[in-house]
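When the count follows UniProt numbering, it moves up by one through the sequence shown with no breaks and lands on 280 for the last residue. Below you'll find the structure, written out as structure tokens, and then a few comments.
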Amino acid sequence: MRDRILDANFPRTLDQRVYHLGLRAGEVANRIITLGAPSRAHGIASYLDPTPTPFEITSERGFTTITGRYKGVPVSIIAIGMGYPNADFFVREPPEITTSIVDHTLNASADSFYSSQGRQTSFPDHNADLIPRLVAAHKDLATLEMETFHILHLAACWDIGAKTGSAEAAPPLQHAATAPSIPPVHAPSTQTRIPDVAASATGAAPLSPPPRIRAAAAQMVFASRTSQDFITPQEVAAIEAWAGRAVLEALVGLEIEPDRLHEEVGSVWERKDGAEAVRR
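Quick look at the structure:
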């Protein structure tokens, strides 16, 4: 499948879908859960309200998005696979189409699942003693993982005031490119206007204070790299179910002013029966 792309600087299709996530305005909510595996995303999505029917789309780049409501509050669940490049796409693209338990331990950022985490392969990584050296240098080191630092860094440095250029889309490029999204299972959003993330959803006035990306992370530990102990598949299923509900509860409990929420009319989470949306 091939499609025209708008604007080589920030690629969009003719129907205003961003290039990697394959989403357009009205298909991703202000509250987002991200994780790696689509199966885990579907597990959390099983807790979403039955009405409206959750919207699901998988892009050709492998990103799966499920958007619906939990206790009446719009929520999106996005499976991004692994690695900081995918985390980069995840943080950078949604703001272009949306109006926008802690223990004291140390987490180490590992850009590679293998070399940066001390795993042994046939490549000359010279990392056989990586974990012992890290533990010796940092007594409170508890975990290794890849994506969280990049997500938190981008959230902290995002500045809508630094954006330059016109919001108007550039004319279509004269060459075709692979279409960035597989047709969704459910009816897509009917919103075609690219929203201004810096302006109120209820008017054109600039938001004050300006919008920001708020990010947090939770980690599930399945194996100990020092003892080689693993939790059981039954424990994995129980922890995933508990954690899935916990992050949903945390998201819907986060208050966002109504004028900072993305427009519901024409979105995939719009209620068709005239019921009032729950405002949090």
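Beta carbons: idealized from backbone N, C-alpha and C, even for Gly. Values in this document were obtained by computation on a predicted structure and should not be read as measured data.
Reference residue i, options the options, closest by Cα
i           : options                           : result
residue 286 : Gly62, Glu263, Ala243 and Ile256  : Residue 286 is absent from the model: the chain starts at 1 and stops at 280.
Val221      : Ser227, Ile57, Val236 and Arg212  : Val236
His186      : Arg31, Ile131 and Trp269          : Trp269
Ser76       : Pro85, Cys157, Phe90 and Arg119   : Phe90
Pro85       : Ser112, Pro206 and Asp140         : Ser112
Arg17       : Gly68, Pro95, Gln120 and Ala250   : Pro95
Ala156      : Arg212, His126, Pro132 and Lys139 : Arg212
Gly253      : Ile32, Leu21 and Ile97            : Ile32
Gln153      : Arg214, Pro132, Leu134 and Ile131 : Per the sequence presented here, residue 153 reads as His, with Gln not at that position. Selected option, being the one with the closest Cα: Arg214.
Spatial neighbours of residue i in its chain, beta-carbon cut-off 7 Å, leaving aside the 5 residues before and after
i      : result
Ala87  : Ile80, Glu147, His150 and Ile151
Gly62  : Gly81
Leu35  : Ala41 and Ala79
Tyr47  : Tyr70, Gly244, Arg245 and Leu248
Pro38  : Thr64 and Ala79
Thr121 : Tyr114
Cβ shell of residue i (< 6 Å), same chain only, five flanking positions each side left out
i      : result
Thr190 : Gly266
Ser116 : Ala110
Leu21  : Ser59, Phe63 and Glu93
Residue i versus residue j - alpha carbon distance
i           : j      : result
residue 296 : Ala142 : Since the first residue of the chain shown is 1 and the last is 280, residue 296 is not available in this structure.
Pro209      : Asp159 : 12 Å
Arg92       : Ser59  : 16 Å
His175      : Arg193 : Reliability fails at His175, whose pLDDT of 43 lies under 50, so the model's placement of it is uncertain and the value that follows must be treated cautiously. Their Cα atoms are separated by approximately 24 Å.
Ile256      : Asp129 : 46 Å
Pro233      : Ala241 : 12 Å
Val102      : Leu14  : Low confidence applies here, because Val102 scores a pLDDT of 42, under 50, leaving its location unreliable; read the following figure in that light. Each residue's Cα considered, the two are about 44 Å apart.
Arg225      : Gly72  : 41 Å
Pro54       : Pro124 : 46 Å
Thr178      : Arg24  : Because the pLDDT at Thr178 is just 45, under 50, the model does not fix this residue reliably, and the point stays unresolved.
Arg119      : Glu145 : 13 Å
His126      : Leu134 : 14 Å
Per-residue burial, residue i [other beta carbons within 10 Å of its own, 16 or more giving buried]
i      : result
Gln228 : exposed
His138 : exposed
Ala45  : buried
Pro52  : buried
Pro132 : exposed
The ligand HEM heavy atom lying under 7 Å from the CB of residue i
i     : result
Thr67 : As presented, the structure is devoid of all ligands, the ligand HEM included, so that no description of it is given.
Indicate whether the contact test is met: 3 or more Cβ pairs, each with one atom in the stretch 108-117 and one in the stretch 18-30, closer than 8 Å. no
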